[in-house]
Structures are given as structure tokens and as C-alpha cells.
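Asks: If you're matching positions, the sequence shown starts at 1 in full-length UniProt numbering and goes up one per residue. Glycine residues also receive a C-beta, built at the ideal position from the N, C-alpha and C atoms.
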Amino acid sequence: MWLSNEQEFWDVFEDRSVQLQPSGLQQLILDMHFIVEIAVCGRFPHRPVQQLVSTIITRAIAAFSARNFDPQSALPEDEWFLETAKGAIHKLMLGTSGSESEPEPEPEEHVALHDEISDSDENIATPSTSGSEDSFASANNDDLESPVYFTDPEA
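Here's what the structure looks like:
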């Protein structure tokens with residue numbers, strides 16, 4: 001997951017002239033839970049993904065906290081993120097199979113991300129080979145119906 005080392009992405013969080021929005025943090029955390037659920041349901045080795053996702057979430061929360069913003073007061077409980085991500089995976093699986101009567105495969109486990117946070121770089125994935133023009137931080141939101149901004153679009 002290249003995002004952990006994508007400095008252009010983190011510059012937005014760390015630039016004090018940019019006003020961060022709680023909805024952007026919420027979306028990032030939800031996306032990270034979704035990635036872990038993909039790994040779990042796809043039976044991929046999810047522990048390294050979980051560790052990397054925890055690092056990303058911790059860094060994003062720290063960026064909000066550094067601005068005297070209490071991110072925990074604006075975020076739903078961890079269970080909400082987990083259930084929402086699991087629900088999205090379930091809908092995708094039903095859409096792919098075309099049958100709602102087909103049971104959802106039971107993954108080995110679902111993981112609470114905030115329980116195991118490590119500062120170790122041992123399992124950190126290498127950054128993507130895509131250029132910075134293709135990064136999440138520089139993505140163009142013009143094609144989205146209702147984009148969620150990390151920053152205030154009016155500022």
C-alpha cells in the first residue's frame with residue numbers, strides 16, 4: 001500500500017494552511033477498513049495489510065489531533081467502520097454472483113484495526129510504481145457524484 005509513503009498525500013494533512021474536515025478523516029478510515037475486509041474475504045495474507053492500515057489511520061488521526069481537533073469526538077465507533085465495510089463487501093459479492101440467496105462465505109476473522117498498532121517498518125509495503133500524478137492525493141474529483149473532501153472545498 002503505497003499510501004503510507006506517499007508524501008504528496010500526507011502533505012495535505014500536515015499543511016496547516018489547509019482546513020481539514022472530519023468527513024475526510026471518516027472516509028479515509030472507512031476506506032482502510034474496506035481494504036482490510038477485501039484482504040480477509042479474499043483470503044489474502046491480511047496481517048501485513050492490517051498493520052499498514054493501522055499505521056495510516058494512526059498517522060491521519062495524529063495529523064488531526066496536532067491541530068487541536070479531537071478526531072474521536074467526530075468519528076463513529078470502530079464497530080461502525082467494521083460493519084459498514086463488511087456490508088459493502090457483502091453487497092459487492094451479491095452483485096457479482098447475481099443471487100441474493102447465495103450465502104456469504106465466512107472469512108477466518110475480522111480485525112479491529114486500532115488494537116494492534118506497530119511502529120515497526122518490517123512489514124511496510126513498497127510504494128506504488130505509479131507516478132505522483134496518479135496518487136490518491138492528486139485525484140480529480142470532478143467525476144464523482146458527491147465527493148468527500150479531506151479539506152474544506154470552500155476555503
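Under a Cβ-count criterion, where at least 16 other Cβ atoms within 10 Å of its own Cβ denotes burial, should S17 be classed as buried or exposed?
Replies: Reading the sequence shown from its first residue, position 17 is the one you call residue 17. Looking at its Cβ environment, which holds fewer than 16 other Cβ atoms inside 10 Å, S17 is exposed.
Asks: Taking the straight line between their C-alpha atoms, what separation do you get for V53 and Q7?
Replies: The sequence position of residue 53 within the sequence shown is 53, counting from 1. The sequence position of residue 7 within the sequence shown is 7, counting from 1. Taking the straight line from one Cα to the other gives about 16 Å.
Asks: How do the stretch 65-78 and the stretch 39-47 stand: do at least 3 beta-carbon pairs fall below 8 Å, yes or no?
Replies: The answer is no - the stretch 39-47 does not touch the stretch 65-78, with fewer than three Cβ pairs under 8 Å.
Asks: With 16 other CB atoms within 10 Å as the buried threshold, where does A60 fall?
Replies: By one-based count along the sequence shown, residue 60 stands at place 60. Counting Cβ neighbours within 10 Å, A60 comes out buried, since at least 16 surround it.
Asks: Going by the beta-carbon positions, is the gap between F81 and H33 smaller than 8 Å?
Replies: In the sequence shown, counting from the first residue as 1, residue 81 sits at position 81. In the sequence shown, counting from the first residue as 1, residue 33 sits at position 33. Yes; because the gap between Cβ atoms is below 8 Å, this pair is in contact.
Asks: Would you tell me roughly how many angstroms separate the C-alpha atoms of D70 and F13, rounded to the nearest one?
Replies: Taking the first residue of the sequence shown as 1, we reach residue 70 at position 70. Taking the first residue of the sequence shown as 1, we reach residue 13 at position 13. Distance between the alpha carbons of D70 and F13 is about 15 Å.
Asks: For L30 and A85, I'd like the C-alpha separation in whole angstroms.
Replies: Translated into the one-based positions of the sequence shown, residue 30 becomes position 30. Translated into the one-based positions of the sequence shown, residue 85 becomes position 85. So the alpha carbons of these two residues sit roughly 7 Å apart.
Asks: I need the straight-line Cα distance from E83 to D15, nearest angstrom please.
Replies: In the sequence shown, residue 83 corresponds to position 83, counting from 1. In the sequence shown, residue 15 corresponds to position 15, counting from 1. Taking the straight line joining both Cα atoms gives about 32 Å.
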